[in-house]
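Q: My questions will all concern the structure given below.
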Amino acid sequence: MLKHRSIDGIIFITKQLSIETICDYEEYGPIVLMEKNNHLPYIFINQYEAMKKALNHLMSEDYKKIGYTVHRNNGFSANERTKAYATLPEGMQYKEFIYVSGLSLTEGKQLAQRILKQTNLPDALIVTNDAHCAGLYTEFQNQGIKMPEDIALISYENGELSQVNNITSIDLPLAQMGERSVELILSDSATSEELPSKLIIRKST
5 MLKHRSIDGI IFITKQLSIE TICDYEEYGP IVLMEKNNHL PYIFINQYEA
55 MKKALNHLMS EDYKKIGYTV HRNNGFSANE RTKAYATLPE GMQYKEFIYV
105 SGLSLTEGKQ LAQRILKQTN LPDALIVTND AHCAGLYTEF QNQGIKMPED
155 IALISYENGE LSQVNNITSI DLPLAQMGER SVELILSDSA TSEELPSKLI
205 IRKST
């Protein structure tokens, strides 16, 4: 579509194509990625540092069996979070606490049911987004799990669901990412930008 001028530019929120394939279309119009790379302009949230903030907070609260969820275990964000998780002391890394799961509230409930069938349970979870975390939160409550006493929860996003449920959340400036990406497309600028994340601490940790 870009090649045939059906559209004036493309913002890649996530990429299924290789960076080399995407670069082949750069001559036809502006392209912006929402992940860091060495070839094209990008608007980027440092997922490694965001994950480190969550991990450091949990360790400061004396949680030792920390797990996390990913939507795609080969995605850029998942890879960055995995790198951060690998910095935990060796005795605190649990492969069985890394869960590939969905994004929805319903899938969060299903994941909670799956987790509770394990003989060894995590004492803290860092969850892909607010909706998925809300599903975990709801099902844990239904099953008599106390938060944060039994399992602490941290979500990514910091939208209304995390605020209503008092869930600690990593605030991701998604609206700002979108605005800045559009500005880059319209200006046809080759500049890139890293946006900060912030950990908002609530009652779930």
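When we follow this note's numbering, the leftmost residue of the sequence shown carries the number 5, and every step to the right adds one. Heads up, the beta-carbon is just placed ideally off N, CA and C, and yes, glycines get one too. The model shown is predicted, which means the values in this text are computed figures rather than measured ones.
(1) For E161, does the three-state DSSP call read helix, strand or coil?
(2) Who are the Cβ neighbours of L109 in its own chain at under 6 Å, not counting the five residues just before and after it?
(3) To the nearest angstrom, how far is the alpha carbon of K207 from that of E24?
(4) Compare the beta carbon distance of L165 and Q180 with 9 Å and say whether it is the shorter of the two.
(5) Measuring only the C-alpha atoms, how far is N146 from M63?
(6) Take the Cβ of S159 as the centre, count every other Cβ of all protein chains shown within 10 Å, and call the residue buried at 16 or more, exposed below.
(7) If you measure between the beta carbons of A116 and Y67, is that distance less than 9 Å?
(8) Taking the beta strand (DSSP E) that K68 falls in, what are its first and last residues?
(9) Classify A194 as buried or exposed, calling it buried when 16 or more other Cβ atoms lie within 10 Å of its own Cβ.
(10) To the nearest angstrom, report how far apart I70 and S185 are at their CA atoms.
(11) Taking only the alpha-carbon atoms, compute the straight-line gap between T123 and G148 and give it to the nearest angstrom.
(12) Within 10 angstroms of its Cβ, does A82 collect 16 or more other Cβ (buried), or is it exposed?
(13) By a C-beta neighbour count over all protein chains shown, 10 Å radius and 16 as the cutoff for buried, is E39 buried or exposed?
(14) I believe Y98 touches M55 by the beta-carbon criterion, under 8 Å. Please report the beta-carbon distance rounded to the nearest angstrom.
(15) In whole angstroms, what is the alpha-carbon distance linking T142 and G112?
(16) Note down, in chain order, each residue of its chain lying with its Cβ closer than 8 Å to the Cβ of A156, except the 5 sequence neighbours on either side.
(17) What is the DSSP secondary structure of I47, counted as helix, strand or coil?
(18) Straight-line CA distance for F16 to N42?
(19) What does A128 pair with, by DSSP beta-bridge criteria?
(20) Does DSSP put E39 in a helix, a strand or coil?
(21) Report, in whole angstroms, the separation of the C-beta atoms of P45 and G13, which I expect to be a contact under 8 Å.
A: Reading it off the structure:
(1) strand
(2) A135, A138 and G139
(3) 45 Å
(4) no
(5) 27 Å
(6) buried
(7) no
(8) Unbroken run through K68: none, as it is neither H nor E.
(9) exposed
(10) 34 Å
(11) 16 Å
(12) buried
(13) buried
(14) The Cβ separation is near 15 Å, so there is no contact.
(15) 9 Å
(16) L62, E65, Y67, D127, A128, L129, T172, S208 and T209
(17) strand
(18) 15 Å
(19) I70 and A156
(20) coil
(21) In fact, because the Cβ distance is near 10 Å, the residues do not count as touching under 8 Å.
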